[in-house]
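Student:
Protein chains: 2
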Amino acid sequence: MALALTRRQQEIYDYLKEHLWEFPHPPTLDELCTALGLSSKGSLHKQIQALIEAGLVAPMNNRRRGIRLAEEDAELPDENALPMMGYIAAGRPIEAIDHQETVQVPDFLRTSKSCYVLQVRGGSMIEEGIMDGDHIVIEQRDSARNGEIVVALVDGSEATLKRIEQKQGAVILHPANSTMEAMTYSPDQVQIQGILVGQMRRYH
Amino acid sequence: MALALTRRQQEIYDYLKEHLWEFPHPPTLDELCTALGLSSKGSLHKQIQALIEAGLVAPMNNRRRGIRLAEEDAELPDENALPMMGYIAAGRPIEAIDHQETVQVPDFLRTSKSCYVLQVRGGSMIEEGIMDGDHIVIEQRDSARNGEIVVALVDGSEATLKRIEQKQGAVILHPANSTMEAMTYSPDQVQIQGILVGQMRRYH
DNA sequence: TACAATAGAACAGTGATAGAACTTAAGGAT
DNA sequence: ATCCTTAAGTTCTATCACTGTTCTATTGTA
Chain A
53 MALALTRRQQ EIYDYLKEHL WEFPHPPTLD ELCTALGLSS KGSLHKQIQA LIEAGLVAPM
113 NNRRRGIRLA EEDAELPDEN ALPMMGYIAA GRPIEAIDHQ ETVQVPDFLR TSKSCYVLQV
173 RGGSMIEEGI MDGDHIVIEQ RDSARNGEIV VALVDGSEAT LKRIEQKQGA VILHPANSTM
233 EAMTYSPDQV QIQGILVGQM RRYH
Chain B
53 MALALTRRQQ EIYDYLKEHL WEFPHPPTLD ELCTALGLSS KGSLHKQIQA LIEAGLVAPM
113 NNRRRGIRLA EEDAELPDEN ALPMMGYIAA GRPIEAIDHQ ETVQVPDFLR TSKSCYVLQV
173 RGGSMIEEGI MDGDHIVIEQ RDSARNGEIV VALVDGSEAT LKRIEQKQGA VILHPANSTM
233 EAMTYSPDQV QIQGILVGQM RRYH
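Protein sequences, first through last, are from chains A and B. Heads up, the first sequence is in the working numbering, so the first residue is 53 and it goes up one at a time. Heads up, the second sequence is in the working numbering, so the first residue is 53 and it goes up one at a time.
1) Round the Cβ separation of A/Ala222 and A/Thr231 to the nearest angstrom and send it over; I've been treating them as touching at under 8 Å.
2) Thinking C-alpha only, which one of A/Glu153, A/Phe75 and A/Thr86 is nearest A/Tyr139?
3) Comparing the C-beta of A/Ile201 with each C-beta of chain B, is any distance below 8 Å?
4) Expressed to the nearest angstrom, what Euclidean distance is found between the alpha-carbon atoms of B/Gly175 and A/Ile182?
5) What first and last residue would you give for the alpha helix (DSSP H) that runs through A/Glu63?
6) Give the secondary structure of B/Leu96 by DSSP, where H, G and I count as helix, E and B as strand, and everything else as coil.
7) At 9 Å on the CB atoms, spell out the chain A contacts of B/Met183, in chain order.
8) If I'm right that B/Pro76 touches B/Gly118 with Cβ under 8 Å, what's the distance once you round it to whole angstroms?
9) What's the call for B/Ala204, buried or exposed, on a 16-neighbour Cβ count within 10 Å?
10) Classify A/Gln241 as helix, strand or coil using the three-state DSSP reduction.
11) On a CA-only basis, which of B/His97, B/Lys98, B/Leu121 and B/Arg116 is nearest B/Gly107? Give me that one, please.
12) The alpha helix (DSSP H) that contains A/Leu81, what's its start and end?
13) Inspect the beta-carbon positions of A/Ile216 and B/Tyr255 and report whether they are closer than 8 Å.
14) Please list the partners that B/Asp159 has in chain A, where partner means a Cβ-to-Cβ separation under 8 Å.
15) Any beta-carbon of chain A closer than 8 Å to the one on B/Arg254?
16) Mind the definition here: the segment 87-107 of chain B touches the segment 62-72 of chain B only if three or more C-beta pairs lie below 8 Å; say whether that holds.
17) What are the partner residues of A/Val157, as DSSP defines its beta bridges?
18) At a CB distance below 7 Å, what residues from the segment 70-82 of chain B approach chain A? Give them in sequence order.
19) Compare the C-beta of B/Gln251 against all C-beta atoms of chain A and say whether one is closer than 8 Å.
20) Near B/Thr163, what residues of its chain come up, given a Cβ to Cβ distance below 7 Å and the 5 sequence neighbours on each side ignored?
21) Mind checking which residues open and close the beta strand (DSSP E) that includes B/Leu134?
22) Return no unless some Cβ of chain A is closer than 8 Å to the Cβ of B/Leu248.
Here it is in structure tokens:
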């Protein structure tokens, strides 16, 4: 696999990364040759083939104008990182962050399902041991079992992190902070966005 | 194997460690010669060969521009894992586990110093948001600043996780659970084993 | 004296290129 | 539909400059 590139291969790859988008169609080997100052497409083909074997260029099996860069999903700068979606504070919508960010999450703090990370604002869950500033790991889901702690959207605008209790025709959200009271809603007022599966806090 | 390096070999190895990354491509022997002030690539080759036999440089079998430092990244399994040392419960010694175990810890929950992981038993820190079963990350240290949460060994036998306050001739350990009281000790009764830098909890 | 370090020449293998021949794919023309 | 033409991708060999390798001789040093 990850063979070391020769100097020329690196040059050609750099050129492709920088100029490939400029071609209206993916270029032919001949066009690339003139662009690179070569006069033999056979030579260029050999170099391209090396890049394909290195996984940097998508293989083009006899297809015309088939030179494309390989999708670089192979980049794994952080193996187990989850997206940091924003901040959650009781009574307000989730405050999304614009710039994409990720947070490292150990395997045992997440599930095999799709998960994401929020940061807690305020102390509405302080008696559950979830404090201002904590990072919480949420499994994306639209339903919950009684007793689970859920990220719920109430009336389409207020996000909360609370323990859920679902009865016939009613949904009760229990805060863990004794200075706040449980609230009862009708099921169509409450939209579950995920359930709490992990929590992290730093002290330094 | 570990042959003793001559002075010149050590010099060359040090130079490679420091400057090899500066070359856009691995350098040729001639380039290295001018960089090192030599005029014969044959001489340099002999030195490099010695470094290869010492296992410090990756062998380059006739390959061009093949000079690379030997990779010694044998730590693939669990890049960021810390040792799980055992269980801590207020009032008892730390209960070590016999079989070696590790826990994944994200970078931002640890420090650059030596760290390890304990699991909490009991609720002595419940008002600090540290609950029964939580994993805590400890930085190994034998002193602390006031206000930090420390793993302390009292009278050589009782381990606790408490907020520390150090005065003239006295050490006060504050539990965060209001049903328990702060205790005052003399400094030689209290041995600091580390300070709390991170905490993790799973809900599933 | 023995060993390390260097210079320099001669040798050998690699990497890059050109060029030609071959194969495949696409699109008309019959 | 079948065949043909053409453009483009593929394979092959030969060549050449560059670079790693080997060897010997020389110098300096403990």
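All residues carry an ideal CB built from backbone N, CA and C; glycine is no exception.
Tutor: This is what the structure gives:
1) About 23 Å separates the two Cβ atoms, so there is no contact after all.
2) A/Glu153
3) yes
4) 14 Å
5) Arg59 to His71
6) helix
7) Glu180 and Gly181
8) That pair is no contact at about 15 Å.
9) buried
10) helix
11) B/Leu121
12) Leu81 to Leu88
13) no
14) Gln156
15) yes
16) yes
17) In DSSP, A/Val157 forms no bridge with anything.
18) His77
19) yes
20) Glu191 and Val249
21) Ala133 to Ala141
22) yes
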